[in-house]
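Trainee: Residue numbers (this note's numbering): 223 to 680.
Using N, Cα and C, we set each Cβ at its ideal position, and we do this for glycine too.
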Ligand code: GLN
């Protein structure tokens, strides 16, 4: 990140970012909105610098937000028709903190509508294309943010990760992405998906940049009751055991692409050469994580999406004749197919008669997953795994087959269910030039250690 680079001006950085954004928009479809006021804001920063006034740690740094972050700048759509036309009356706490440090918003990035998906193809505005291969998906749901960073349009971008939405697009496009400990960053002002697994995080071009962004944005917020007192940086404990685990069940999975497996083995060899002991772990309950996630997450989605009724938010169907039909018409026109699928599954697993069999059972299995990770972290400092079983797939390949799309998340969702942090990082390319990504998992509150460890492995 060129934050400390005095040789350049905010105006030249922002101008370059806007030029690139416009150029790549035509090929990759990254942004839902571009900030026409960005240059004026950059001039203001340059003026402050010239006058010797204090400026923040991100002064003049161009950045992008996933379009599910509320901000007074532009409309917040979450890439869903039902939110088109929404001018937010507030800034998300995370946005407030970044802009207080002088970061300049370039645009809002595309996502799967309401962050439901793993490819950005569920966007009302159409898909974003992979940074390296236009015939392939960007990953999702934060596809636009990942591609904006991979193409060096912005130095960093925000994302949200409910079941992998930062790590998977980071790995599909060859950038770094952090999914922090649950509660590390206030979620206030970001469109809710599944409240017990939603976390905010970032895409950047290095682990050091992610570290800076975490130190700026982590911390408790009275407006988010689940946010944790700031632990980031204050508890900078040294790694004690110098042990790196890997998961037997993932390594033996027939779904795992051989090139990803080889990249992971390469990193284990590197870790050993740096003095780490590598330890094979058996985590058999992870096999159930995907099923557990696709019960708990839709249940929370169904609740969180119930507020969009055509009355309180932007879009309202004109076909409604009375209150009930305004609700149903607005929801049926405003949500994407995938949103509706989740609302239906969520209401089903919560309904009396099925609650015990599905939701309650999933909640119990979730506890087993949490316990299994806790046991693993009594043996190792961190665990290295793939992010997803395969590199970026072709556009259109999975979009009509929801189960195969859900299978994309098999290695990312356990992290969210357990609330632990994970950092995705680039680990080379396939023979055909597609980025390969891996992720490092740690116990809760070990976010900073993980970033340090990732620097060691890169
Ligand atoms: N791909 C996962 C899903 O569709 C995760 C999405 C996310 O993290 N927002 O649920």
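#1: What do you reckon, are the CB atoms on residue 403 and residue 643 nearer than 8 angstroms?
#2: To the nearest angstrom, report how far apart residue 538 and residue 549 are at their CA atoms.
#3: Across which residues does DSSP place residue 730 in a beta bridge pair?
#4: Using only the alpha-carbon positions, how far apart do residue 263 and residue 237 sit?
#5: Residue 370 and residue 394 look like a contact to me (Cβ under 8 angstroms); what is the Cβ gap, rounded to whole Å?
#6: Between residue 363 and the ligand GLN, is the CB less than 7 angstroms from at least one heavy atom?
#7: Exposed or buried, what is residue 559 when buried is set at 16 or more other beta-carbons lying within 10 Å of its beta-carbon?
#8: Sorry if obvious, but does the Cβ on residue 385 come closer than 7 angstroms to a heavy atom of the ligand GLN?
#9: If we ignore side chains and look at the alpha-carbon of each, how far apart do residue 680 and residue 649 end up?
#10: Kindly indicate which residue of 304, 283, 517 and 280 has the alpha-carbon position closest to the one of residue 531.
#11: Is residue 358 buried or exposed, if buried means 16 or more other CB atoms sit within 10 Å of its CB?
#12: What does DSSP give as the partner residues of residue 288 in its beta bridges?
#13: Considering only C-alpha positions, which residue in the set 474, 525, 328 and 450 is nearest to residue 259?
#14: Which of helix, strand or coil does DSSP assign to residue 224?
#15: Among 547, 375, 240 and 420, which one has its Cα closest to the Cα of residue 290?
#16: To which residues does DSSP link residue 425 through a beta bridge?
#17: Is residue 609 helix, strand or coil when you go by DSSP?
#18: Quick check: does the Cβ of residue 339 come within less than 7 angstroms of any heavy atom belonging to the ligand GLN?
#19: If you draw a straight line from the C-alpha of residue 298 to the C-alpha of residue 503, how long is it?
#20: What are the boundary residues of the beta strand (DSSP E) that residue 657 is part of?
#21: Return the chain-ordered list of same chain residues with a C-beta closer than 6 angstroms to the C-beta of residue 506, the five sequence neighbours on each side being excluded.
#22: If we count the other Cβ atoms within 10 Å of its Cβ and call it buried at 16 or more, is residue 165 buried or exposed?
#23: I'd like the span of the alpha helix (DSSP H) that includes residue 254, first residue to last.
#24: Report the three-state DSSP secondary structure of residue 518 (helix, strand or coil).
#25: Smallest Cα separation from residue 521: which of 625, 574 and 474?
#26: For the ligand GLN, is there any heavy atom lying closer than 7 angstroms to the beta carbon of residue 415?
#27: Taking only heavy atoms of the ligand GLN into account, decide whether any of them is closer than 7 angstroms to the Cβ of residue 525.
#28: Where does residue 651 fall in DSSP's three states?
#29: At a cut-off of 7 angstroms, is residue 382 close to the ligand GLN when judged by its beta-carbon and the heavy atoms of the ligand?
#30: In or out: residue 416 buried (at least 16 other Cβ within 10 Å) or exposed?
#31: Any chance the stretch 572-591 sits against the stretch 617-624, with 3 or more Cβ pairs inside 8 angstroms?
#32: Is residue 631 near the ligand GLN - that is, is its Cβ less than 7 angstroms away from at least one heavy atom of it?
#33: Say yes only if the C-beta of residue 519 is nearer than 7 angstroms to one or more non-hydrogen atoms of the ligand GLN, and no if none qualify.
Mentor: Straight from the coordinates:
#1: Taking the first residue of the chain shown as 1, we reach residue 403 at position 181. Taking the first residue of the chain shown as 1, we reach residue 643 at position 421. Against a cut-off of 8 angstroms, the Cβ pair of residue 643 and residue 403 comes out as a contact.
#2: Locating residue 538 in the chain shown gives position 316, where the first residue counts as 1. Locating residue 549 in the chain shown gives position 327, where the first residue counts as 1. Using only the alpha carbons, I get a separation of about 8 angstroms.
#3: Because residue 730 is not part of the residues shown, which for the chain are 223 to 680, the question remains open.
#4: Translated into the one-based positions of the chain shown, residue 263 becomes position 41. Translated into the one-based positions of the chain shown, residue 237 becomes position 15. Those two C-alpha atoms are separated by around 11 angstroms.
#5: Sequence index remark: in the chain shown, residue 370 carries index 148 (1-based). Sequence index remark: in the chain shown, residue 394 carries index 172 (1-based). Not really, about 13 angstroms apart at Cβ, beyond 8 angstroms.
#6: Counting from 1 along the chain shown, the entry for residue 363 is found at position 141. Within the cutoff, so yes.
#7: Mapped onto the chain shown, residue 559 falls at position 337. Residue 559 comes out exposed.
#8: As a first step, residue 385 is located in the chain shown; it is residue number 163 there, counting from the start. In terms of side-chain proximity, the C-beta atom of residue 385 is found nearer than 7 angstroms to a non-hydrogen atom of the ligand GLN.
#9: The residue given as residue 680 occupies position 458 in the chain shown. The residue given as residue 649 occupies position 427 in the chain shown. So the two alpha carbons sit approximately 7 angstroms from each other.
#10: If you number the chain shown from 1, residue 531 lands on position 309. If we check each option's Cα against that of residue 531, 304 comes out closest.
#11: Residue numbering aside, residue 358 sits at position 136 when the chain shown is read from its first letter. The residue is buried, with at least 16 neighbouring Cβ atoms inside 10 Å.
#12: The residue labelled residue 288 in the question sits at position 66 within the chain shown. 331.
#13: Here residue 259 refers to the residue found at position 37 when the chain shown is read from its first residue. Out of 474, 525, 328 and 450, 328 has the C-alpha closest to the C-alpha of residue 259.
#14: Within the chain shown, residue 224 is the residue found at index 2, counting from 1. Its pLDDT being 45, under 50, residue 224 is placed unreliably in this model, and the value from its coordinates should be taken loosely. Residue state, collapsed to three classes: coil.
#15: As a first step, residue 290 must be located in the chain shown, where it is residue number 68. Out of 547, 375, 240 and 420, 420 has the C-alpha closest to the C-alpha of residue 290.
#16: Indexing the chain shown from 1 puts residue 425 at position 203. Paired residues: 379 and 399.
#17: For the purposes of this step, residue 609 is taken as residue 387 along the chain shown, with counting starting at 1. DSSP places residue 609 in coil when its eight states are reduced to three.
#18: Mapped onto the chain shown, residue 339 falls at position 117. Checking the Cβ of residue 339 against the ligand GLN gives yes.
#19: In the chain shown, the residue the question calls residue 298 occupies position 76. In the chain shown, the residue the question calls residue 503 occupies position 281. Their Cα atoms are separated by approximately 43 angstroms.
#20: Position 435 of the chain shown, counted from the first residue, corresponds to residue 657. Unbroken beta strand (DSSP E) run through residue 657: 657-663.
#21: The residue labelled residue 506 in the question sits at position 284 within the chain shown. Take residue 506, set aside five residues on each side of it, and no residue of its chain has a beta-carbon closer than 6 angstroms to its own.
#22: With the chain covering only 223 through 680, there is no way to say anything about residue 165.
#23: Within the chain shown, residue 254 is the residue found at index 32, counting from 1. Premise fails: residue 254 lies in the beta strand (DSSP E), 253-256, not in any alpha helix (DSSP H).
#24: Taking the chain shown and counting its residues from 1, one reaches residue 518 at position 296. The answer is helix: DSSP assigns residue 518 an H, G or I state.
#25: By 1-based counting over the chain shown, the position of residue 521 is 299. Answer by Cα proximity: 574.
#26: Looking up residue 415 in the chain shown gives position 193. At least one heavy atom of the ligand GLN is nearer than 7 angstroms to the Cβ of residue 415, so yes.
#27: On the chain shown, residue 525 is found 303 positions in, with the first residue counted as 1. Not under cutoff, so the answer is no.
#28: The residue given as residue 651 occupies position 429 in the chain shown. In this structure, residue 651 counts as strand in the three-state DSSP scheme.
#29: Residue mapping note: residue 382 aligns to position 160 of the chain shown, counting from 1. Result yes, Cβ under 7 angstroms from the ligand GLN.
#30: Working through the chain shown from its first residue, we reach residue 416 at position 194. Buried.
#31: no
#32: Counting from one through the chain shown, the residue named residue 631 turns up at place 409. Yes, Cβ of residue 631 sits closer than 7 angstroms to a heavy atom of the ligand GLN.
#33: Position 297 of the chain shown, counted from the first residue, corresponds to residue 519. Yes, the beta carbon of residue 519 sits closer than 7 angstroms to at least one heavy atom of the ligand GLN.
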